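**Student:** These protein sequence lines are chains Y and G, in that order.
Sequential numbering of the first sequence, starting at 89, is according to my numbering.
Sequential numbering of the second sequence, starting at -6, is according to my numbering.
My questions will all concern the structure given below.
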Amino acid sequence: EPEVTQTPSHQVTQMGQEVILRCVPISNHLYFYWYRQILGQKVEFLVSFYNNEISEKSEIFDDQFSVERPDGSNFTLKIRSTKLEDSAMYFCASSEPLAEAHEQYFGPGTRLTVT
Amino acid sequence: QKEVEQNSGPLSVPEGAIASLNCTYSDRGSQSFFWYRQYSGKSPELIMFIYSNGDKEDGRFTAQLNKASQYVSLLIRDSQPSDSATYLCAVPHSNYQLIWGAGTKLIIKP
Chain Y
89 EPEVTQTPSH
99 QVTQMGQEVI
109 LRCVPISNHL
119 YFYWYRQILG
129 QKVEFLVSFY
139 NNEISEKSEI
149 FDDQFSVERP
159 DGSNFTLKIR
169 STKLEDSAMY
179 FCASSEPLAE
189 AHEQYFGPGT
199 RLTVT
Chain G
-6 QKEVEQNSGP
4 LSVPEGAIAS
14 LNCTYSDRGS
24 QSFFWYRQYS
34 GKSPELIMFI
44 YSNGDKEDGR
54 FTAQLNKASQ
64 YVSLLIRDSQ
74 PSDSATYLCA
84 VPHSNYQLIW
94 GAGTKLIIKP
């Protein structure tokens, strides 16, 4: 069964450093998303991406964040200068727009720890 | 501000019984509703979606939607210890970004 994959599973970085989180969405999906979940808190939407551009972003997704689809399979989230409060699980998701309910499927996540 | 509300629990249910999980939402215009299961330290896993009033059944799971009252529920029949997890209700907003409830922690006691 096709699935969303994410690398790395765990990333430790120092405050101020840049990190790139990688995702490979399900191959026939056209919408891609990043969410994050701070430990013990709700899942929060960051950004959605369709047709090689951002379709929506939340207030969390400020100038420190960017997304890219560098080739036909990868979808990346870059945080330019990490802060302590960026420590969270980051989930990539994808969906197929012609699906019955446009349901989103999640990758296993990357745990980002900023020290 | 669109909101999705869930009782955080924990909800404790004996093995073999029916677990009932509830979710209310604020946006009367919402069309579809999703239930995800999340094990500790893992990602959300889609269980069911529903977009018509009434019941939708899939194996041991039944989703119930009442748009007039703005609630959606998930019933788990014949609960198993492996059903112990946090159940997340999610509602799409605008271009399909999901708005999430905080989740209900379900504990199935053997």
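We put the CB at the ideal spot given by N, CA and C, even for glycine.
Please read all numbers here as calculations on a predicted model, not as lab measurements.
On the criterion of 16 or more Cβ atoms from any shown chain inside 10 Å, does Leu109 (chain G) qualify as buried, or is it exposed?
**Tutor:** The requested residue 109 (chain G) is not part of the displayed model; chain G covers only -6 to 103.
**Student:** Considering just the uninterrupted stretch of the beta strand (DSSP E) at Tyr123 (chain Y), what are its terminal residues?
**Tutor:** Tyr119 to Gln125
**Student:** Can you say whether Pro113 (chain Y) is buried or exposed, counting buried as having 16 or more other CB atoms within 10 angstroms of its CB?
**Tutor:** A residue is called buried when at least 16 other Cβ atoms come within 10 angstroms of its Cβ; Pro113 (chain Y) meets this threshold and is buried.
**Student:** From the DSSP output, read off the bridge partner residues of Met41 (chain G).
**Tutor:** In the DSSP output, where bridge partners are listed per residue, Met41 (chain G) has G:Trp28.
**Student:** Kindly indicate which three-state DSSP category Ser75 (chain G) falls into: helix, strand or coil?
**Tutor:** helix
**Student:** With 9 Å as the threshold, decide whether the Cβ of Glu50 (chain G) is near any Cβ in chain Y.
**Tutor:** no
**Student:** Determine whether the beta carbon atoms of Tyr89 (chain G) and Tyr123 (chain Y) lie at a separation below 9 Å.
**Tutor:** no
**Student:** Quick check on DSSP: helix, strand or coil for Glu132 (chain Y)?
**Tutor:** strand
**Student:** With C-beta atoms as the reference, is Thr17 (chain G) less than 9 Å away from Glu(-2) (chain G)?
**Tutor:** yes
**Student:** Under 6 Å Cβ to Cβ from Val6 (chain G), same chain only, skipping five residues before and after it: list those, please.
**Tutor:** Ala12, Ser72 and Ile101
**Student:** Considering only the alpha carbon of each residue, which of Y:Lys145, Y:Ile167 and Y:Ala181 lies closest to Asn116 (chain Y)?
**Tutor:** Y:Ala181
**Student:** Taking the C-alpha atoms as reference points, what is the distance between Lys(-5) (chain G) and Ser19 (chain G)?
**Tutor:** 6 Å
**Student:** Listed from N- to C-terminal order along the chain, which residues in the region 179 to 200 of chain Y have their beta-carbon within a distance smaller than 7 Å of any beta-carbon of chain G?
**Tutor:** Phe179, Ser183, Ala189, His190, Glu191, Gln192, Tyr193, Phe194, Gly195, Pro196 and Gly197
**Student:** So is Gln90 (chain G) in contact with chain Y if we call contact Cβ pairs under 9 Å?
**Tutor:** yes
**Student:** Roughly how many angstroms separate the alpha carbons of Lys35 (chain G) and Tyr121 (chain Y), rounded to a whole number?
**Tutor:** 17 Å
**Student:** Is Val131 (chain Y) buried or exposed, if buried means 16 or more other CB atoms sit within 10 Å of its CB?
**Tutor:** Buried: at least 16 other Cβ atoms inside 10 Å.
**Student:** Please go through the same chain and pick out, in chain order, the residues whose beta-carbon is closer than 6 Å to the beta-carbon of Lys98 (chain G), but skip the five residues on each side of it.
**Tutor:** Gly2, Pro3 and Thr79
**Student:** Pull up the distance between the alpha-carbon of Pro85 (chain G) and that of Gly104 (chain Y), whole angstroms please.
**Tutor:** Taking the straight line joining both Cα atoms gives about 33 Å.
**Student:** Measure from the C-beta of Gly94 (chain G) to each C-beta in chain Y and report whether the shortest distance is under 9 Å.
**Tutor:** So, interface residue.
**Student:** Can you list, in chain order, the residues of its chain with a C-beta nearer than 6 Å to that of Leu14 (chain G)? Leave out the 5 residues immediately preceding and following it.
**Tutor:** Once the five neighbours on either side are set aside, the close Cβ partners of Leu14 (chain G) are Leu67, Tyr80 and Thr97.
**Student:** Under 9 Å Cβ-Cβ, which residues of chain G neighbour Phe133 (chain Y)?
**Tutor:** His86, Gln90, Leu91, Ile92 and Trp93
**Student:** Is there a Cβ of chain G sitting closer than 9 Å to that of Gln129 (chain Y), yes or no?
**Tutor:** yes
**Student:** Where DSSP assigns a beta bridge to Glu144 (chain Y), which residues make up the other side?
**Tutor:** Y:Ser136
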